[in-house]
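Right, one structure below, let's go through it.
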Amino acid sequence: MKRSLLLPLLLVATPALAQASLQQRVEVKLGEAATGTRFGLVVSDADGNEIVAVNPDGRFMPASNTKMFTTAAAYASLTGLDQPDAAGGAAVRIEGQDVILEGHGDARLSSAADCTVDCLATLADAVAAKTRHVRGVIGDDTVFPDQRWSPGMSWNNIPSRYGTGISALTLDDNELVIEVTPGTIGARPKVTVPIDYYAIENRAVTVAGAENNLGYDRAPNGVPLRITGTIGVDAKPETLRVGIDDPAHYAAWRFEILLEARGVEVSGTISVRHRPLMPSEDPAVRPPMQPALARLTPPPLAEDVVRINKESQNLHAELLLRRVGLKRGGGSIADGMIEVRAMLDTAGVPRTAWDLSDGSGMSTYNRAAPRGTVQMLRWISAQPWSAAWRASLPIGGVDGTLSRRFKGTVLEGKVFAKTGTINATNALSGYLIAKSGKTLTFSSFANDVPADASATKFIDAALVLVAEAN
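Going by numbering that gives the first Met the number 0, the sequence shown opens with residue 0, and the numbers climb by one from there.
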């Protein structure tokens, strides 16, 4: 008699017990991370029911999960992302005796020798076909205000590719690629730069072995670039990617080189034309704009969204946020955030669930809550552009920044999510296909991670537990 009464009770209680057990197992797994690490995690089913919730409304630094907000806002507020980007292309015009190289927010303009699409050389050819002499070359990035770094950007990131300056006139990802090759033990290594934009101060030393510990530093807007540290005598050459502080100047500088290579004499100087952040700070009276001599049409912005999310490309994300902000007329970070807020309000995300200060996640001021992020992701799933946006996310064990994660697990090839890593922070948010075939939405953050103690393996393990149990 006891067995017949107990069995129905067990049948009723077992799902709840299993659910509690999963929550407990997830919490235990996250608890294995380094002491002091603070986690937030929400996993939701297709109906919005939360399967796991760990500190769901806590506010965390999202790192590059910020790019989800930026790229989704682009799909929500801009049209024609799958069409050639006619609005964003760089242009060249002649004003008096000066040639004006003008940027419109395109992130992909290239001066590479093997460039075939969106090439600076195309604009140089147009000038060479028109004239053999110009006075000055002016880099004009006034489409966006001069706001090269976001509030909350760590100063130590500014010399690097991750903190390179943001400008409507962007060339070669605003990076200078430097190669360091070992010399003899005790000697300076060889430093190779493709162009002499910075003054190299080589303070590095070649040491025994094959281990490298190279670094570099440069004062903001400074020309001297110091190469420091050590490189092993048996090491392969190491590549350093250095940021550009004034992208419009760099682009104009490169353009002059291309003009002179085509027989165009440049008798004057290289200069820039910026727009101050506040209209009241802008006293300039500019001459009437002349028709463009030539203008480029870059590939569709949708292709760049894929690069932003798959590779976690900071510069391109920042430029996309400013492109979104042009809808409000200004093209500033604040203008872009108006569109982000409009999207999140429509999605029903509480205002307390987010605070963002940039488009890439490099700002230490950014905050997001797991529950609010899941709400945004679920809203995205119901939008007509959701398939294209989701296709831009890295796939676990397959590509992008998730190519080496989740291999050999139930989630290999079945998690589609944006990664995030910055000082003391790891993040992963997106969608996963559970063992049952159900699609779940999740957002996970780890903050206050002790130095060199990444929390990614604990986040991944927790998600695998969820996938195996559903």
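Yeah, the Cβ is synthetic: ideal placement off N, Cα and C, and Gly gets one too.
Along the beta strand (DSSP E) that carries residue i, what are the first and last residues, could you check?
i      : result
LYS326 : Element bounds for LYS326: n/a, residue is neither H nor E.
ALA75  : ALA75 -> not in any beta strand (DSSP E); alpha helix (DSSP H) instead, spanning 65-76.
PHE362 : Per the sequence shown, the amino acid found at residue 362 is Ser instead of Phe. From DSSP, SER362 is part of no beta strand (DSSP E); its letter is neither H nor E.
ALA52  : 49-53
ALA466 : That residue, ALA466, is in no beta strand (DSSP E); its alpha helix (DSSP H) goes 455-468.
GLY39  : 37-43
Taking C-alpha atoms, which residue in the options lies nearest to residue i?
i      : options                           : result
ASN422 : VAL53, MET152 and SER110          : MET152
VAL142 : GLY419, THR65, THR424 and GLY324  : GLY324
ALA260 : ALA112, ARG322 and ILE230         : ALA112
PHE444 : GLN23, VAL51, ALA203 and THR424   : THR424
THR418 : LEU80, ALA234, SER442 and GLN22   : SER442
PHE195 : GLY185, VAL176 and THR183         : The question names Phe, yet the displayed sequence has Asp at residue 195. The candidate whose alpha carbon is nearest that of ASP195 is VAL176.
ILE432 : PHE457, LEU464 and ASP344         : LEU464
ASP139 : PRO369, LEU170, ASN212 and ALA120 : LEU170
PHE457 : VAL265, VAL409 and LEU29          : LEU29
GLY396 : VAL348, GLU338, ASP459 and ALA450 : ASP459
PRO347 : GLY371, THR70, ASP105 and GLY39   : According to the sequence displayed, residue 347 carries Gly and not Pro. Minimum Cα distance to GLY347 is reached at GLY371.
GLY231 : ALA71, SER266, ASN212 and TRP353  : ASN212
PRO61  : ASN446, THR121 and THR351         : ASN446
PRO158 : ALA198, ASP233 and TYR215         : TYR215
GLY185 : TYR197, ALA207 and ARG404         : ALA207
PHE405 : LEU427, ARG58 and ALA387          : LEU427
LYS484 : GLN96, HIS103 and TRP154          : In this structure the chain extends from 0 to 469, so residue 484 is not present and cannot be described.
ALA368 : SER380, VAL339 and THR351         : THR351
GLU233 : SER266, PRO393 and THR180         : The question names Glu, but residue 233 is Asp in the sequence shown. Closest option to ASP233, Cα to Cα, is THR180.
ASP244 : ARG389, LEU168, GLY436 and ALA333 : LEU168
ALA45  : ALA454, ARG403, THR455 and THR438 : THR438
ILE137 : ASP172, GLU101 and ASP105         : GLU101
Throw me the rounded Cβ distance for the residue i and residue j pair, which I believe falls under 8 Å.
i      : j      : result
ALA123 : LEU257 : 4 Å
VAL91  : ALA293 : 6 Å
VAL271 : ALA247 : 5 Å
ALA203 : GLY228 : 6 Å
VAL448 : THR36  : 5 Å
LEU319 : MET336 : With 8 Å as the limit, LEU319 and MET336 do not qualify as a contact, their Cβ atoms being about 13 Å apart.
VAL116 : PRO298 : 6 Å
GLN22  : VAL51  : 6 Å
GLY412 : GLU310 : So it is not a contact: roughly 19 Å between Cβ atoms.
GLU178 : THR191 : 4 Å
ASN469 : LEU392 : About 20 Å; that fails the 8 Å criterion.
Could you pull out every residue in the same chain whose Cβ sits closer than 6 Å to the Cβ of residue i, ignoring the five residues on either side in sequence?
i      : result
THR440 : SER43, VAL373, LEU376, ARG377 and TYR430
GLU317 : ILE165, GLY358 and SER359
ARG160 : GLU174, ARG240 and GLY242
HIS132 : GLU264
HIS273 : ASP145
ALA85  : THR296
THR198 : The sequence given here has Ala at residue 198, not Thr. For ALA198, where only same-chain residues beyond five positions count, the Cβ hits under 6 Å are VAL222 and PRO223.
PHE38  : LEU29, VAL53 and ALA445
ASP334 : GLY324 and ARG327
Note the first and the last residue of the continuous alpha helix (DSSP H) segment covering residue i.
i      : result
GLU310 : 300-310
ARG389 : 385-389
ILE394 : Unbroken run through ILE394: none, as it is neither H nor E.
LYS129 : 119-129
ALA433 : No alpha helix (DSSP H) holds ALA433; DSSP gives it neither H nor E.
LEU258 : 246-260
THR268 : First-last for THR268: undefined, no H or E at that position.
ARG340 : 332-346
Return the chain-ordered list of same chain residues with a C-beta closer than 8 Å to the C-beta of residue i, the five sequence neighbours on each side being excluded.
i      : result
SER331 : PHE143, PRO144, GLN146, LEU276, ARG321 and GLY324
GLU200 : PRO223, LEU224, ARG225 and ILE226
LEU77  : LEU300, ARG322, VAL323 and LYS326
Residues in its own chain within less than 7 Å of residue i by CB, not counting five upstream and five downstream?
i      : result
CYS118 : SER109
GLY182 : PRO188, LYS189 and THR205
PRO150 : SER356, SER362 and TYR364
ARG306 : GLN312 and HIS315
ALA466 : VAL409, LEU410, LEU431, ALA433 and LYS434
PRO349 : GLY371
ILE379 : ALA71, SER385 and TRP388
Checklist entry - Can you list, in chain order, the stretches of the beta strand (DSSP E) that have 3 or more residues and sit fully within the segment 164-236? => result 174-180, 189-191, 198-201, 204-206, 212-216 and 223-231
Checklist entry - Curious, which full-length beta strand (DSSP E) runs of at least 3 residues does the segment 78-123 contain? => result 90-94 and 97-101
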